[in-house]
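Residue numbers (mature numbering (1 follows the signal peptide of the UniProt record, and there is no 0)): -18 to -1, 1 to 222.
Ideal placement from N, C-alpha and C gives every residue a C-beta, glycine not left out.
For reference, the structure discussed in these notes is given below.
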């Protein structure tokens, strides 16, 4: 089921030229199984509602002064927004079907990478970043050595981008072992039944011996040059 999305954008003018320089937004989205509500500023999330835990979560960027930010009744406002969203959802879907609108589909772009430097036997996190897709409904799955993984997985909320597409993060906690192969598979309407899969394998490079070898060879040749130079100087001196 596609998300029914309501985005309220508040533009703030901070210059005498009357050109909008910053934008705050409120985002609400719902389907029969999904609920999302958060607020942001200039593409940065400032807070969202965790409907499973029934609480609000403030998530300002590190460079924002949190003491100047507060969201009175944020959780209650989010609940009200989702109630309205789900109330309007059947009407929205029926209207959408009757109009037979054509939607421009944007296929996702997927990348997979570890959160921290990989060390064998040390727990880490794999990140699957899916971006640039529209509409905002994707299915993300993980495998380890071709076996589906269901534990240690988390999924972020859908995040709108300035080009009206969306992005989302899925993470997998794992302990690297040499030779293991992980994959992140993404399914989206724009892919037309051909899922997009990105692979990542545990390949921890051993410390390179190249620099040490070259350094040793260089040092040996340098010492040899000094010895030979001294020898020829001594021979030349003896000749005199």
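Annotation for residue 34: no beta strand (DSSP E) segment contains it, and DSSP assigns it neither H nor E.
Within the same chain, Cβ atoms closer than 6 angstroms to the Cβ of residue 92 are found at 112, 168, 178, 180, the five residues on either side in sequence being excluded.
Per DSSP, the unbroken beta strand (DSSP E) holding residue 179 starts and ends at 178 to 183. For the pair residue 23 and residue 60, the CB atoms are not nearer than the 9 angstroms cut-off. Residue 63 has its alpha-carbon roughly 14 angstroms from the corresponding atom of residue 36. Remark: three or more beta-carbon pairs, one from each stretch, lie closer than 8 angstroms, so the region 144 to 159 and the region 101 to 117 are flagged as touching. In this chain, residue 41 is not harboured by any beta strand (DSSP E), its DSSP state being neither H nor E. The beta carbon of residue 17 sits closer than 7 angstroms to those of 33, 64, all from its chain and outside the five residues before and after it, given in chain order. Counting every other CB atom within 10 Å of its CB across the protein chains shown gives residue 27 a total of 16 or more, marking it as buried. Beyond the five residues adjoining it in sequence on each side, residue 131 comes within less than 7 angstroms, by CB distance, of 124, 125, 154 in the same chain, given in chain order. In the DSSP assignment, residue 140 falls outside any beta strand (DSSP E), carrying neither H nor E. Rounded to whole angstroms, the gap between the alpha carbons of residue 72 and residue 105 is 44 angstroms. Less than 9 angstroms separates the beta-carbon of residue 118 from that of residue 142.
Within the model, the alpha-carbon separation for residue 176 versus residue 182 is close to 19 angstroms. Boundaries of the beta strand (DSSP E) harbouring residue 155: 148 to 156, taken from the DSSP string. Boundaries of the beta strand (DSSP E) harbouring residue 91: 91 to 96, taken from the DSSP string.
Annotation for residue 120: no beta strand (DSSP E) segment contains it, and DSSP assigns it neither H nor E. In the DSSP assignment, the residues bridged to residue 164 are 126, 182. The Cβ neighbour count for residue 98, taken over all protein chains shown within 10 Å, is under 16; the residue is labelled exposed. By the Cβ-count criterion, residue 139 is buried, with 16 or more other Cβ atoms from all chains shown falling within 10 Å of its own Cβ. With fewer than 16 other CB atoms across the displayed protein chains lying within 10 angstroms of its CB, residue 129 is exposed. Contact between residue 149 and residue 114 holds: CB atoms are separated by about 7 angstroms, below the 8 angstroms threshold. In the structure shown, the three-state DSSP call for residue 76 is helix. By the 16-neighbour rule on beta-carbons within 10 angstroms, residue 163 is exposed.
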